[in-house]
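Here is the structure we will look at, set down as structure tokens.
Protein chains: 4
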Amino acid sequence: MHPRSAQQLAELSAEAMLSGDPASTRLGMVVEEVRPGFARLRMTVVAYMINSHNICHGGYVFTLADSAFAFACNTYNRVTVASGATIDFLAPVYLDDELTAEASEQALGGRTGVYDVVVTNQRGKNVAVFRGRSHRLQGSLFDESGKS
Amino acid sequence: MHPRSAQQLAELSAEAMLSGDPASTRLGMVVEEVRPGFARLRMTVVAYMINSHNICHGGYVFTLADSAFAFACNTYNRVTVASGATIDFLAPVYLDDELTAEASEQALGGRTGVYDVVVTNQRGKNVAVFRGRSHRLQGSLFDESGKS
Amino acid sequence: MHPRSAQQLAELSAEAMLSGDPASTRLGMVVEEVRPGFARLRMTVVAYMINSHNICHGGYVFTLADSAFAFACNTYNRVTVASGATIDFLAPVYLDDELTAEASEQALGGRTGVYDVVVTNQRGKNVAVFRGRSHRLQGSLFDESGKS
Amino acid sequence: MHPRSAQQLAELSAEAMLSGDPASTRLGMVVEEVRPGFARLRMTVVAYMINSHNICHGGYVFTLADSAFAFACNTYNRVTVASGATIDFLAPVYLDDELTAEASEQALGGRTGVYDVVVTNQRGKNVAVFRGRSHRLQGSLFDESGKS
Numbered sequence: 012m013h014p015r016s017a018q019q020l021a022e023l024s025a026e027a028m029l030s031g032d033p034a035s036t037r038l039g040m041v042v043e044e045v046r047p048g049f050a051r052l053r054m055t056v057v058a059y060m061i062n063s064h065n066i067c068h069g070g071y072v073f074t075l076a077d078s079a080f081a082f083a084c085n086t087y088n089r090v091t092v093a094s095g096a097t098i099d100f101l102a103p104v105y106l107d108d109e110l111t112a113e114a115s116e117q118a119l120g121g122r123t124g125v126y127d128v129v130v131t132n133q134r135g136k137n138v139a140v141f142r143g144r145s146h147r148l149q150g151s152l153f154d155e156s157g158k159s
Numbered sequence: 012m013h014p015r016s017a018q019q020l021a022e023l024s025a026e027a028m029l030s031g032d033p034a035s036t037r038l039g040m041v042v043e044e045v046r047p048g049f050a051r052l053r054m055t056v057v058a059y060m061i062n063s064h065n066i067c068h069g070g071y072v073f074t075l076a077d078s079a080f081a082f083a084c085n086t087y088n089r090v091t092v093a094s095g096a097t098i099d100f101l102a103p104v105y106l107d108d109e110l111t112a113e114a115s116e117q118a119l120g121g122r123t124g125v126y127d128v129v130v131t132n133q134r135g136k137n138v139a140v141f142r143g144r145s146h147r148l149q150g151s152l153f154d155e156s157g158k159s
Numbered sequence: 012m013h014p015r016s017a018q019q020l021a022e023l024s025a026e027a028m029l030s031g032d033p034a035s036t037r038l039g040m041v042v043e044e045v046r047p048g049f050a051r052l053r054m055t056v057v058a059y060m061i062n063s064h065n066i067c068h069g070g071y072v073f074t075l076a077d078s079a080f081a082f083a084c085n086t087y088n089r090v091t092v093a094s095g096a097t098i099d100f101l102a103p104v105y106l107d108d109e110l111t112a113e114a115s116e117q118a119l120g121g122r123t124g125v126y127d128v129v130v131t132n133q134r135g136k137n138v139a140v141f142r143g144r145s146h147r148l149q150g151s152l153f154d155e156s157g158k159s
Numbered sequence: 012m013h014p015r016s017a018q019q020l021a022e023l024s025a026e027a028m029l030s031g032d033p034a035s036t037r038l039g040m041v042v043e044e045v046r047p048g049f050a051r052l053r054m055t056v057v058a059y060m061i062n063s064h065n066i067c068h069g070g071y072v073f074t075l076a077d078s079a080f081a082f083a084c085n086t087y088n089r090v091t092v093a094s095g096a097t098i099d100f101l102a103p104v105y106l107d108d109e110l111t112a113e114a115s116e117q118a119l120g121g122r123t124g125v126y127d128v129v130v131t132n133q134r135g136k137n138v139a140v141f142r143g144r145s146h147r148l149q150g151s152l153f154d155e156s157g158k159s
């Protein structure tokens, strides 16, 4: 047993998040990187995400951004949930697009935080910007005592 | 061939939306009612929507609200997309919850509109409020000439 | 000394708010009505509120809505502040317009709440919709012991 | 008469904005810098901006951010207005605080844009983040023909 670095906490928090998260994994999301207050996720747009206008349903773009936000605000091993979010859709997203969502902490004070997420496609174009507000609850994501 | 009422336009628009929308139907959404500028959808929270905090991933709550918004702003047979949205999560959503999303038009001027969506659970409790901004594109959802 | 009704609490809270609020009164705002979770304010658009596009600066429309929100969420004699807000501008506001802002509580749970504000002009047209998130702090607006 | 650089356009646009803008100047705002898609403004918090909680009314913080946004999105000599905005208040603002608002363009496509504004105090602490959506109208801010 030994003290863990902030980076170790971030990685173990992400592992704990992923292990019980069918919501994100079922959509094919991959967690590419986590650091304290930061996360980058990737997702490919597949057929069932397409709506009647032949573009990706905004709900899936939001869900990717929201997951990146969740991973970023849960890098301190403190259970943290979203209290709300705003999204602006900047460009249409199409079938087979490879989306990347980068979430970074803008502010964290008391039990609330603000995180910005930028979603880009495979050509590096910004397709959406998202801003989430987080709220920390009681409890931790995993046991830090060293026994686990 | 005959002129269609606003209510007929709303219902035919919803049919056209649904027919090509795997995004909403795959999640089990049911369109319960459409009127000009209004839509009510229902969705049951199933296992794959649950995240690591044992509550429904906010992305699925957003997706339901966003779909209700899409049906409400596409009741005039004019292709209309979301330019952005804000969501506030008011209460946790659990496995097996039956969610209802009611979307109603608050404003429509020029090519842009504002729609409010309230998401309630089976006990009538508000679990989320959503506000979407719509943007009308060129084109219609179905052929109004009477041939179809 | 006697217990106060919710309506009395609301009115005394508004009085306490107003007595120390040069921000709202200096802009000519009038509090027309308060009830628990509700407030209606009025403001006339004067010359210094006009911007270079010859319409009212959005900041003043926001400020009116934000004040209505503040009065509505401070009707329980508990010090409550805004943690954030969203505004959508629906129609231009001109010199001499008489604006009315009605704020009503959508949700209140724990220490946070969500309030909707609709701003209308003298012709009853909606010129803006606002949604504010409130956060309750420690402390009360006035002494409820009956001595005051 | 000669073609103007993007920077010259930005500066002349800001001049045209300022010359007819009592809304911003009356609050003591100073435009410190403009570049294409960017603006930085400064404002000191004075007594009449203080509310009954002894902090700066959120409306004035919003108004500063909204003005920075307006200057940033009007740097191309095309009349551009706000269609909406979101603000998150991160820390209280007090009497005599020196606020700086930096607005930068996140996206600009067709007639709509998204701008982020960060408001900091004299100690460099972020007190608010703001995200505005712009909408370009017909018309220009000043005559580019060279006669003026």
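Protein chains in written order, with our numbering: chain A, 12 to 159; chain B, 12 to 159; chain C, 12 to 159; chain D, 12 to 159. No residue lacks a Cβ here, since even glycine has one placed at the ideal position from N, Cα and C. Quick caveat, the model's predicted, so the values are computed rather than measured.
- For Y59/B, which of helix, strand or coil comes out of DSSP? Here residue 59/B is taken as the residue at index 48 of the second sequence, counted from 1. Reduced to three states, the DSSP call for Y59/B is helix.
- Message: List, in chain order, every chain G residue whose beta-carbon is nearer than 9 Å to that of R122/D.
- Response: You won't find chain G in this structure, because its protein chains are A, B, C and D.
- Alpha-carbon spacing of Y71/C relative to A139/C, whole angstroms: Locating residue 71/C in the third sequence gives position 60, counting from the first residue. Locating residue 139/C in the third sequence gives position 128, counting from the first residue. Answer to the nearest angstrom: the Cα atoms are 11 Å apart.
- Between M28/B and S35/C, what straight-line distance do the alpha-carbon atoms span, to the nearest angstrom? One-based indexing of the second sequence puts residue 28/B at position 17. One-based indexing of the third sequence puts residue 35/C at position 24. Distance between the alpha carbons of M28/B and S35/C is about 47 Å.
- Task: Could you please give the first and the last residue of the uninterrupted alpha helix (DSSP H) stretch that includes E155/C?
- Result: Stepping through the third sequence from its first residue, residue 155/C is reached at position 144. No alpha helix (DSSP H) holds E155/C; DSSP gives it neither H nor E.
- Item | Minimum Cβ-Cβ distance from R147/D to chain A less than 8 Å | Along the fourth sequence, read from residue 1 onward, the residue named residue 147/D stands at position 136. So no, R147/D is outside the interface.
- Message: So, with DSSP's three-state summary, where would you put L52/C?
- Response: Reading the third sequence from its first residue, position 41 is the one you call residue 52/C. Residue state, collapsed to three classes: strand.
- Task: In the DSSP assignment, find the unbroken beta strand (DSSP E) run with L119/A in it and report its ends.
- Result: Numbered from 1 along the first sequence, position 108 holds the residue referred to as residue 119/A. Looking at the DSSP string, the run of the beta strand (DSSP E) that includes L119/A is 109-120.
- Message: For A17/C and Y87/C, I'd like the C-alpha separation in whole angstroms.
- Response: What you label residue 17/C is simply residue 6 of the third sequence in a count that begins at 1. What you label residue 87/C is simply residue 76 of the third sequence in a count that begins at 1. Approximately 7 Å, taken between the alpha carbons.
- Query: Shortest alpha-carbon distance to G39/A belongs to which of A25/A, G150/A, V57/A?
  - Reply: Position 28 of the first sequence holds residue 39/A. Cα-wise, what sits closest to G39/A is V57/A.
- Message: With H, G and I counted as helix, E and B as strand and the rest as coil, what does DSSP make of D77/A?
- Response: Within the first sequence, residue 77/A is the residue found at index 66, counting from 1. Helix.
- Item | Classification of D107/C by the beta-carbon crowding that lies within 10 angstroms, buried from 16 upward | Position 96 of the third sequence holds residue 107/C. Per the 10 Å Cβ criterion, exposed.
- Item | Within-8 Å CB hit, G70/B to chain A | Here residue 70/B refers to the residue found at position 59 of the second sequence. So yes, G70/B belongs to the interface.
- Message: Which residues of the region 40-58 of chain C have a Cβ closer than 9 Å to any Cβ of chain D? Give them in chain order.
- Response: A58
- Query: Where does the unbroken beta strand (DSSP E) through A96/D begin, and where does it stop?
  - Reply: Within the fourth sequence, the letter at position 85 stands for residue 96/D. Counting along the chain, the beta strand (DSSP E) containing A96/D begins and ends at 91-100.
- Just how far apart, CA to CA, sit I66/B and T123/A? The residue labelled residue 66/B in the question sits at position 55 within the second sequence. The residue labelled residue 123/A in the question sits at position 112 within the first sequence. Whole-angstrom Cα-Cα distance: 19 Å.
- Query: Are the C-beta atoms of Q117/B and some chain C residue less than 8 Å apart?
  - Reply: The sequence position of residue 117/B within the second sequence is 106, counting from 1. Judged by the 8 Å Cβ criterion, Q117/B is in contact with chain C.
- Query: Between the C-alpha atoms of I61/A and F141/C, what's the straight-line distance to the nearest angstrom?
  - Reply: For this step, residue 61/A is matched to residue 50 along the first sequence. For this step, residue 141/C is matched to residue 130 along the third sequence. Distance between the alpha carbons of I61/A and F141/C: 31 Å.
- Query: Who are the neighbours of G9/B on chain D, taking C-beta pairs under 8 Å?
  - Reply: Shown here, chain B extends from 12 to 159; a query on residue 9/B therefore has no answer.
- Task: List the residues of chain B whose Cβ lies closer than 8 Å to the Cβ of T97/D, in chain order.
- Result: Taking the first residue of the fourth sequence as 1, we reach residue 97/D at position 86. Per Cβ cutoff of 8 Å: T97.
- Query: If you draw a straight line from the C-alpha of A25/B to the C-alpha of A83/B, how long is it?
  - Reply: Translated into positions along the second sequence, residue 25/B becomes position 14. Translated into positions along the second sequence, residue 83/B becomes position 72. Straight-line Cα distance between these residues: approximately 9 Å.
- Could you pull out every residue in the same chain whose Cβ sits closer than 6 Å to the Cβ of V41/C, ignoring the five residues on either side in sequence? Locating residue 41/C in the third sequence gives position 30, where the first residue counts as 1. Closer than 6 Å at the Cβ level, and outside the excluded window around V41/C, lie R53.
- Following the continuous alpha helix (DSSP H) through T2/A, name the residue where it begins and the one where it ends. Here chain A has residues from 12 to 159 only, and residue 2/A is not among them.
- Message: Are the CB atoms of V125/A and A118/A within a distance shorter than 8 Å?
- Response: Indexing the first sequence from 1 puts residue 118/A at position 107. Indexing the first sequence from 1 puts residue 125/A at position 114. It is a contact, given that the beta carbons lie within the stated cut-off.
- Close-in-space but distant-in-sequence residues of the same chain around G69/D (CB under 7 Å, 5 per side omitted): Translated into positions along the fourth sequence, residue 69/D becomes position 58. Only F100 meet the Cβ criterion.
- Task: Answer with buried or exposed for R134/D, where buried requires no fewer than 16 other C-beta atoms within 10 angstroms of its C-beta.
- Result: Taking the first residue of the fourth sequence as position 1, residue 134/D is located at position 123. R134/D comes out exposed.
- Distance, D77/D Cα to D154/D Cα: For the purposes of this step, residue 154/D is taken as residue 143 along the fourth sequence, with counting starting at 1. For the purposes of this step, residue 77/D is taken as residue 66 along the fourth sequence, with counting starting at 1. Cα-Cα distance, rounded: 25 Å.
- Query: What residues of chain D sit near L101/A, judged by a beta carbon separation below 7 Å?
  - Reply: As a first step, residue 101/A is located in the first sequence; it is residue number 90 there, counting from the start. Residues of chain D passing the Cβ test: A118, G120, V125.
- Item | Run of the beta strand (DSSP E) containing S145/A, from where it starts to where it stops | Taking the first residue of the first sequence as 1, we reach residue 145/A at position 134. Run containing S145/A: 137-147, per the beta strand (DSSP E) assignment.
- For G5/B, three-class secondary structure by DSSP: Because chain B here runs from 12 to 159, residue 5/B falls outside it and cannot be looked at.
- Query: Along the chain, where does the beta strand (DSSP E) that runs through R46/D open and close?
  - Reply: Indexing the fourth sequence from 1 puts residue 46/D at position 35. First-last of the beta strand (DSSP E) with R46/D: 41-46.
- Message: How far does the alpha helix (DSSP H) with Q19/C in it extend, from its first residue to its last?
- Response: The residue you call residue 19/C lines up with position 8 of the third sequence. Taken as a continuous stretch (DSSP letters only), the alpha helix (DSSP H) holding Q19/C covers 17-30.
- Message: Looking only at its chain, what residues have a beta carbon closer than 6 Å to the beta carbon of G143/B, apart from the 5 residues adjacent to it on each side?
- Response: Reading the second sequence from its first residue, position 132 is the one you call residue 143/B. Excluding positions up to five away in sequence, the list reads F80, A93, A96, Y126.
- Pick helix, strand or coil for V72/D, following the three-state DSSP scheme. Position 61 of the fourth sequence, counted from the first residue, corresponds to residue 72/D. Three-state DSSP puts V72/D in a helix.
- Item | Residues of its chain near P47/C, where Cβ-Cβ distance is below 6 Å and the 5 sequence neighbours each way are ignored | Numbered from its first residue, the third sequence carries residue 47/C at position 36. Excluding sequence neighbours, P47/C sits near A17, A21, T86.
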